[in-house]
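Numbering (our numbering), first residue to last: 60 to 140.
Cβ coordinates follow ideal geometry from the N, Cα and C atoms, glycine included.
What follows is the structure, given as structure tokens:
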């Protein structure tokens with residue numbers, strides 16, 4: 060499971076598994092536990108490109124990014140490989 064170090068948010072890392080173009084597991088380290096469990100459960104089973112499309116650009120308060128946006132960025136980086 061690849062580990063992506065993220066920045067600008069409370070969470071520190073994201074780990075995820077992609078199988079046949081779908082996200083099958085997501086795990087955030089740190090951050091708002093309930094919210095991140097919710098985001099993870101909603102995104103699991105979705106196509107990678109759908110998760111990216113739905114989550115990219117979401118901001119957290121006055122921050123330029125959010126944990127969902129960081130997940131979208133990590134998935135986009137994964138796809139670009």
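Exercise. Anyone know if the C-beta pair for residue 68 and residue 126 falls short of 8 Å?
Worked result: Translated into the one-based positions of the chain shown, residue 68 becomes position 9. Translated into the one-based positions of the chain shown, residue 126 becomes position 67. The answer is yes: Cβ separation under 8 Å.
For this session: State the DSSP-derived secondary structure class of residue 110, mapped to helix, strand or coil.
Result: Looking up residue 110 in the chain shown gives position 51. Here residue 110 sits in helix by DSSP.
Exercise. Between residue 116 and residue 60, what straight-line distance do the alpha-carbon atoms span, to the nearest angstrom?
Worked result: Taking the first residue of the chain shown as position 1, residue 116 is located at position 57. Taking the first residue of the chain shown as position 1, residue 60 is located at position 1. So the alpha carbons of these two residues sit roughly 24 Å apart.
For this session: Leaving aside the five residues before and after residue 91 along the sequence, list all residues of the same chain whose C-beta is less than 6 Å from its C-beta, in chain order.
Result: For the purposes of this step, residue 91 is identified with residue 32 of the chain shown, where counting begins at 1. Excluding sequence neighbours, residue 91 sits near nothing in its chain.
For this session: Give me the Cα-Cα distance between residue 106 and residue 81, rounded to the nearest whole angstrom.
Result: Here residue 106 is taken as the residue at index 47 of the chain shown, counted from 1. Here residue 81 is taken as the residue at index 22 of the chain shown, counted from 1. Cα-Cα distance, rounded: 4 Å.
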